[in-house]
Ligand SMILES: Cc1cc2nc3c(=O)[nH]c(=O)nc-3n(C[C@H](O)[C@H](O)[C@H](O)COP(=O)(O)O)c2cc1C
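In my numbering, the protein residues as written are 7 to 365.
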């Protein structure tokens, strides 16, 4: 039995990891309790500890262990509790190892290629899933994992250009609509996985992410080869989401025309809401950081355009003036608060209906 088959996933929906602090134990545990996959973001989960800026590494480790334990308790043995770890973060390896030790079921990893993920201590006991934006990336990962670790991914998340947060496409591709649509990316990644599934006699399920809103979208991705979907922005508008009311209100109020593509110190473009911070950045060119948590490998505080950790922490707290509010491209269509059970019920019912229409 593969690591994926051992997961207790009865609903093939992943709640995408959302940093900083947007998807912690409350959201991830509630999603898992419904039989789906709840994902805790490992991006500075200790941001709300009083001594965070003095000792970010210790605060983050303690918070990560706390949130995994709490999410598992909330899940009551149902579903899957996973973490999302960004390759571009400074304490990537020790964070993943700590999460495995704390009992997480799966590791989802993007913002760079997770080429060494299988070598992390304990990785053989959990399901491993890269996030990719196309066939080239998944082929590179499979080739290397096969050669060095005799292993292939247990499942894969394919993220298209409509996703929230950091994007695996250039700013031009996103702004000029040149990126391939999600269903095409799903098809090409499924195709690239065929030889590896054959070699390892193992299915490698693909989850489609970025702009998925309803059951009809899920059915469409399934028709193109996806096993399920990963959704994030829709989960912000739930009672259980760990973000402040201010963040949730900003998501509910957002219109299509409020969406912006911003350059991130991670070295990739990101998608967020137009906000005073982006206006200030456009006017000043740079907002020099006043302190540094040393969180990203590619970030140099001496020349970074702004501190993304400060901006995301202010957003999760609901500070409209200073926050960077990450969101998906379809945020304008999300305008009602709901709960995690109601959202998952709606999605699965719509999906069933859409499938009946397809037959
Ligand atoms: C607020 C927010 C924060 C996010 N943070 C992360 C992150 O830390 N790591 C990551 O891999 N993806 C991150 N994402 C991407 C999501 O996990 C997800 O794949 C994507 O947003 C799906 O598209 P959707 O929001 O349209 O459903 C973030 C998305 C949002 C909206």
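Heads up, the beta-carbon is just placed ideally off N, CA and C, and yes, glycines get one too.
The model shown is predicted, which means the values in this text are computed figures rather than measured ones.
### Task
Run the proximity test for residue 138: is its beta-carbon closer than 6 Å to any non-hydrogen atom belonging to ligand 1?
No.
### Straight-line gap, residue 37 to residue 29 (C-alpha atoms, nearest Å)
10 Å
### Task
Examine ligand 1 and report whether any of its heavy atoms sits within less than 6 Å of the Cβ of residue 338.
No, since every heavy atom of ligand 1 falls outside the 6 Å radius drawn around the Cβ of residue 338.
### Query
On the three-state DSSP scale, how would you describe residue 187?
coil
### Message
Taking the beta carbon of residue 165 as the centre, do at least 16 other beta carbons fall within 10 Å, making it buried, or is it exposed?
### Response
buried
### Residue range of the unbroken beta strand (DSSP E) whose run includes residue 137
133-138
### Message
Rounded to the nearest angstrom, what separates residue 170 and residue 178 at their Cα positions?
### Response
16 Å
#### Entry: For residue 198 and residue 333, the rounded distance between their alpha carbons
29 Å
### Task
Return helix, strand or coil for residue 72, following the three-state DSSP convention.
helix
### Task
Could you tell me whether the Cβ atoms of residue 278 and residue 330 are closer together than 7 Å?
yes
### Query
What separation, rounded to the nearest whole angstrom, lies between the Cα atoms of residue 122 and residue 23?
20 Å
### Query
On the premise that residue 105 lies in contact with residue 113, defined as a C-beta separation below 8 Å, what is that separation, rounded to the nearest angstrom?
Indeed they touch by this definition, with Cβ atoms about 7 Å apart.
### Same chain, Cβ closer than 7 Å to residue 17, five either side skipped, listed in chain order
Scanning its chain for C-beta atoms nearer than 7 Å, with the 5 sequence neighbours on each side dropped, one finds around residue 17 the residues 40, 41, 42, 350 and 354, in chain order.
### Message
Can you tell me which residues form a DSSP beta bridge with residue 237?
### Response
21
### Query
Cβ of residue 246 within 6 Å of any heavy atom in ligand 1?
no
### Message
Comparing C-alpha positions only, which one of 67, 102 and 267 sits nearest to residue 287?
### Response
Ranked by Cα distance from residue 287, the first of 67, 102 and 267 is 267.
### Task
Taking 7 Å as the cut-off, decide whether the C-beta atoms of residue 212 and residue 162 are in contact.
yes
### Task
Give me the Cα-Cα distance between residue 206 and residue 200, rounded to the nearest whole angstrom.
10 Å
### Query
Span of the beta strand (DSSP E) holding residue 277?
275-279
### Query
Roughly how many angstroms separate the alpha carbons of residue 80 and residue 91, rounded to a whole number?
21 Å
#### Entry: Where residue 292 falls: helix, strand or coil (DSSP)
Coil, per DSSP.
### Query
According to DSSP, what are the bridge partners of residue 172?
276
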